[in-house]
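So the sequence shown is residues 61 to 431, counted in this note's numbering. Yeah, the Cβ is synthetic: ideal placement off N, Cα and C, and Gly gets one too.
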Amino acid sequence: MASAASSSTEIPPKHHADGRKVALITGITGQDGSYLCELLLSKDYEVHGIIRRSSSFSTSRIHHLYADPKSHKEGKMKLHYGDMTDSSSLVKIITLVRPSEIYNLAAQSHVKISFDLSEYTAEVDAVGTLRLLDAIRTCGLEKQVRFYQASTSELYGKVVETPQNEKTPFYPRSPYACAKMYGFWICINYREAYNMFACNGILFNHESPRRGENFVTRKITRSVAKIELGQLECFELGNLSSKRDWGHAKDYVEAMWLMLQQDKPEDFVIATGETHSVREFVEASFKYVGRSIEWRGEGINEIGVETVDGKEIVRVRVNPKYFRPTEVDFLLGDATKAKTELNWKPKISFEELVRDMMEADLKLMRSNPMA
Ligand code: NDP
Ligand code: GDR
């Protein structure tokens, strides 16, 4: 069974005794962190985020919030240097911030790259989660903090049953998924062992114009936008047949927040209940700009072709370098529990998601063809 019951008796308050709602987000500079930060600021939270040192700025997704006097200058949003591999930084930040809610979104989140950076992925995604939970305990805040763990549909991996819900057994298929499996269970263990208010959100793929450029949806919308503007002729992809349940990140961060507002800590699947192949995502993106793609050939010889003035132009090629040693072929989520208990359902459809990403990438490529 994926889920486990909680024996929590003392429920931490939703905010401090003085009425302040204070959230700490790890991974605030990522896709989800940026949308969650926006959501929490709109709900009048004081938002703190952990950023890690890098040789160039990594805050482009939250720059608009940080630069806004309403958030930053009134002290409602603060960034702290830290790292999921550095326990002492986590303890220092939690001691300073004394958050009422912690959202653990930080991760080496790329599945393919986790095969190359397997040990580092475990350090950040698995042991990092343990470090954060222990830091909460070290600060004596385990009865006061509500904790969200960014779990993932990658836990289901190889198809055992479909659609996948909170009771579907796990079968992880990458170092990333194995590390997230540890994060999932240590979150449940600390809930049961120390009565912590700790929840797993088992989120299926969610995308947006802020999605990292090397995830498949964003790679497609960027490439199609460049083709439409005459900046590119053809692009390469890996497995075109894998299917994903793709939602919009804006909808999904709302579910994270809702999980921490409940009376008891539980785990929830968050998904749209619709699945599409990578091939279909390519077709939908070309369709948005009024173009159509036909598929020819099979396997590594498959190509996506557009006919322009009677001439066939190859727009998509398969390159095996993007294949994974073990693939997750099919994901389809059943979010009935979230619908019933959180009153959550996705508002943004697959077509609207593609439109949002295509519009943003067309705008970006028009203003900066080098992007
Ligand atoms: P991103 O890759 O966009 O963001 C990851 C964040 O983690 C970035 O802020 C990154 O910082 C930070 N980070 C990485 N390593 C460390 C570290 N060692 N110490 C501190 N921070 C670190 O991911 P998403 O926003 O898409 O996803 C958020 C979380 O949800 C992740 O845990 C992901 O695994 C999980 N998830 C995502 C899904 C999705 O479809 N998007 C689905 C299910 C789960 P920097 O900016 O410096 O790189
Ligand atoms: P995923 O997302 O692995 O599901 O993990 P990604 O977009 O990387 O891959 C989705 C599917 O597309 C196939 N694919 C390609 N993928 C990439 N990145 N690049 C390509 O060129 C390409 N061609 C085909 C992949 O093989 C795969 O089947 C995401 C991450 O956000 C995780 O952190 C999160 O936990 C899961 O979603 C749910």
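Can you tell me the Cα-Cα spacing of residue i and residue j, whole angstroms?
i, j, result
"K218", "P235", "14 Å"
"E354", "G364", "6 Å"
"V376", "E273", "17 Å"
"T335", "A210", "21 Å"
"D194", "E296", "43 Å"
"K381", "I173", "12 Å"
"P223", "L190", "30 Å"
"A237", "L165", "15 Å"
"Y254", "C199", "14 Å"
"F383", "N361", "14 Å"
"A420", "K286", "12 Å"
"G109", "D185", "17 Å"
"T281", "L289", "12 Å"
"C259", "P406", "20 Å"
"P159", "K81", "8 Å"
"I262", "D369", "47 Å"
"S115", "N225", "41 Å"
Any heavy atom of the ligand GDR within a distance shorter than 7 Å of the CB on residue i?
i, result
"R121", "no"
"V414", "no"
"L297", "yes"
"S268", "no"
"K310", "no"
"F346", "no"
"R339", "no"
"K397", "no"
"Y231", "no"
"Y242", "no"
"R384", "yes"
"T198", "no"
Could you spell out the range, first to last residue, of the beta strand (DSSP E) harbouring residue i?
i, result
"H108", "106 to 111"
"K371", "371 to 378"
"F328", "328 to 330"
"R339", "R339 -> not in any beta strand (DSSP E); alpha helix (DSSP H) instead, spanning 338 to 348."
"Y163", "161 to 164"
When every heavy atom of the ligand NDP is checked, does at least one fall within less than 7 Å of the C-beta of residue i?
i, result
"R112", "yes"
"L263", "yes"
"D305", "no"
"D143", "yes"
"G93", "yes"
"T89", "yes"
"V329", "no"
"L318", "no"
"V205", "no"
"Q224", "no"
"T86", "yes"
"G333", "no"
"G350", "no"
Nearest to residue i by alpha carbon, out of the options?
i, options, result
"R113", "D146, Y105, H124, K399", "D146"
"K347", "T277, H308, V284", "V284"
"R121", "L422, W306, S268", "S268"
"M241", "E252, T212, Y95", "T212"
"R206", "K303, P325, R351", "P325"
"Y105", "D92, V171, I85", "I85"
"Q91", "A182, P429, S169", "S169"
Just verifying my parser: in three-state terms, what is the DSSP assignment at residue i?
i, result
"N249", "helix"
"S427", "helix"
"L96", "helix"
"F275", "coil"
"M137", "strand"
"L190", "helix"
"T228", "coil"
"K103", "coil"
"K324", "coil"
"H75", "coil"
"C294", "coil"
"V82", "strand"
"K218", "coil"
"C259", "strand"
"G357", "coil"
Would you give the residue range spanned by the alpha helix (DSSP H) that residue i belongs to?
i, result
"L319", "Checking the sequence, you will find Met at residue 319 rather than Leu. Run containing M319: 309 to 319, per the alpha helix (DSSP H) assignment."
"I153", "147 to 157"
"T367", "Per DSSP, T367 belongs to no alpha helix (DSSP H); it is in the beta strand (DSSP E), 363 to 368."
"Y126", "123 to 126"
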